[in-house]
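In our numbering, the protein residues as written are 22 to 786. Think of the CB as a built atom: it goes at the ideal place given N, C-alpha and C, for glycine as much as any other residue. Just so it is clear, the structure is predicted and the values come from calculations on it, not from any experiment. Comments concern the structure below.
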Ligand code: ZN
């Protein structure tokens, strides 16, 4: 009941206006009684982590149980006007709202459930008007709580068994942000909070002693410690860094001796600034020598899981971690990005019609069906999660398919134990679920995490826990996508035919159609006339590189000046690329990575020699000397390249039967390297290209980048080419310019440097 103890009025208007206008339109057209199924899920694990802690159900239960449009709500809605200055909603609709009682079914994951991208956290089914009216509030509740509980679990992972205190209220995102953060942080793994109202509402232990202002209100620090000790002898953690930390520790020890002489226990000291590793080690020595081995050292000052990890690595002697700002504001990912998508609809007694939302980005295509998640387990722990349609009969041995890459599949052994994550919470509008206590929710998080392999919980570059669609659901989804795309094409073709007829008839209307065609096309259309190389104006560089990535193409020893397939002066790009990498928050690289029997090696074709070509079916394969063979020196990156800056490496040319020049697609045009999906998932709009060789792989990568809708900029002096008869660098540059690639030099790139994220794994695929 915390929600309504805090916000005493009805919360039914905690929604976006469009939910109400849609509800009105459903009601007006009579479609409001259609049955629908919606799922709430997120697309990417937060903080580049390996998992999330699902959270929000207890608040949702509160909200749904009390969901009513009261008189004050409908009074307010009756004052809203449309663009014609008439009331936005009819009186009759408002009285429909006042009488509305929810009769939806809601299934959800219990608070504290470990969840992953694409998995439903909540399933709402029932009259579409009701599903829609709940959308915004449910997202508000689950997005933020899940985000903070996850951040707290990561901090817990870094802190190990040490205590964690949360004191973020003063920096939190407003009143509710502060309260919700304290609750979710406790569930995720914090032991206590400074937030007293959260303590009262949720039963979280509260903690706190004194601030710098206490020390400063006295003439001297020792006097202030003693005064505090006299007033509150049972709660003494002295903040020692007001003036000089080492002096502060000496004063704390003196005050502690006084406490001891009066029969009280000195709890410890707090460090809130300076070099926490050094100061904690020194303070520990001083406290131990004075006989206070039990005294705790509390550390605070912008801590998060990364800093805690680093302090642990430096052997800091910290016994309690105080975390605030970075936890309650979910630094450095301010939102989870959860969505609520329609996945099935039906009229009365009909069968369900399954629905998908299309997108050019695979990650944004929604999943159809009435979904449940099954978590499988063997004797070593959890092995994988399967999203399935509850209407389908499942085979005894299940296969799951990665929703973003259908070639990645996993068979789950029939003898695995399992349980389903979504539990019934409301059936026909009636609550059928008892919300567990905050304390048991908190232990639930710890218990489950113990059953996940440590590599999934790693703070940086975790392994991906297997989550997939049950193969039957995958096939349903694929059919629906193909069907929808076909429909779309038919409608487009029809609209073009209509437009052509109109143009012939009246001479107007054509422009509008071509614009709408452009918007729909995934490939940017470039008029060859307007992009002659002479007319290319200096490229418009983005204001910051936040949405930009640097792609380093094949900067490998095999292409070095004395490599297997030499590119003259290839090594000269290394210092240039190293400097460029410092400006980019995201750097990726491609790596030519051939099996020894690769099609591009002349030696593998009895009647051919280097320089010949071969008909490879869908393309002409040029033949080269053997180069960049997987796991050999030739495939390694050039010496001195700062590879620790590279977030991800995409290997290409791994298929013996097809070459791969472009970093995006193989030469046969069929198989993708996943770089496209990765860059789009990372929100990238501009790609800057560097590497080897300008007239082969660099060119193909740049041109494919344009086709995929990126703005592509080639950094001229960060590339080198192979100039020989028949394949001139100059011709390749013309081709790229005509294709829409912009050109800069590294001199023109003057963005501020960004900090490297330490610990990134080299060569991770
Ligand atoms: Zn190659």
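CA-to-CA distance, residue j to residue i, given in whole angstroms
i           : j           : result
residue 291 : residue 197 : 28 angstroms
residue 376 : residue 126 : 19 angstroms
residue 226 : residue 28  : 23 angstroms
residue 474 : residue 742 : 46 angstroms
residue 652 : residue 178 : 34 angstroms
residue 731 : residue 687 : 18 angstroms
residue 333 : residue 507 : 56 angstroms
residue 124 : residue 88  : 11 angstroms
residue 186 : residue 174 : 13 angstroms
residue 769 : residue 692 : 35 angstroms
residue 384 : residue 496 : 17 angstroms
residue 113 : residue 366 : 26 angstroms
residue 637 : residue 499 : 30 angstroms
residue 839 : residue 685 : Any property of residue 839 remains undetermined from this structure, which presents the chain solely from 22 to 786.
residue 453 : residue 444 : 10 angstroms
residue 235 : residue 242 : 9 angstroms
residue 771 : residue 600 : 10 angstroms
residue 69  : residue 136 : 14 angstroms
residue 96  : residue 102 : 13 angstroms
residue 163 : residue 696 : 30 angstroms
residue 566 : residue 609 : 14 angstroms
residue 275 : residue 282 : 11 angstroms
residue 694 : residue 671 : 6 angstroms
residue 752 : residue 644 : 20 angstroms
residue 109 : residue 228 : 50 angstroms
residue 620 : residue 299 : 58 angstroms
CB of residue i within 8 angstroms of CB of residue j, strictly
i           : j           : result
residue 382 : residue 411 : no
residue 611 : residue 673 : yes
residue 157 : residue 37  : yes
residue 318 : residue 301 : yes
residue 74  : residue 147 : no
residue 159 : residue 62  : no
residue 727 : residue 719 : no
residue 90  : residue 52  : no
residue 421 : residue 326 : no
residue 277 : residue 313 : yes
residue 711 : residue 598 : yes
residue 76  : residue 205 : yes
residue 49  : residue 149 : no
residue 259 : residue 239 : no
residue 504 : residue 586 : no
residue 668 : residue 607 : yes
residue 460 : residue 67  : no
residue 722 : residue 572 : yes
residue 19  : residue 194 : As displayed, the chain neither begins before 22 nor continues past 786, which places residue 19 out of reach and without an answer.
residue 708 : residue 736 : no
residue 446 : residue 129 : yes
residue 563 : residue 616 : no
residue 681 : residue 716 : no
Status (buried if at least 16 other CB within 10 Å, exposed otherwise) for residue i
i           : result
residue 604 : buried
residue 407 : buried
residue 428 : exposed
residue 477 : buried
residue 151 : buried
residue 561 : exposed
residue 416 : exposed
residue 44  : buried
residue 642 : buried
residue 237 : exposed
residue 683 : buried
residue 789 : No statement about residue 789 is possible, as the shown extent of the chain runs from 22 to 786 and does not include it.
residue 209 : buried
residue 488 : buried
residue 484 : exposed
residue 374 : exposed
Contact test: residue i Cβ vs the ligand NAD heavy atom, cutoff 7 angstroms
i           : result
residue 715 : The model depicted lacks the ligand NAD and carries the ligand ZN instead.
Quiz item: So which residues touch the region around the ligand ZN, with touch meaning a C-beta under 7 angstroms from any heavy atom?
Solution: 613, 615, 621, 645, 648, 649, 674, 680
Quiz item: In chain order, which continuous runs of the beta strand (DSSP E) of length 3 or greater are located wholly inside the stretch 398 to 482?
Solution: For the stretch 398 to 482, whole beta strand (DSSP E) runs of length 3 or above, ordered along the chain, are 402 to 410, 419 to 422, 430 to 433, 438 to 441, 444 to 448.
Quiz prompt | Runs of beta strand (DSSP E) wholly within the stretch 649 to 702 (minimum 3 residues, chain order) | solution = Listed in chain order, they are 669 to 673.
Self-check item: Length-filtered (3 minimum) beta strand (DSSP E) runs lying within the stretch 107 to 131
Solution: 126 to 129
Quiz item: Going along the chain, which unbroken runs of the alpha helix (DSSP H) with 4 or more residues stay wholly within the stretch 272 to 354?
Solution: 297 to 310, 326 to 334, 346 to 349
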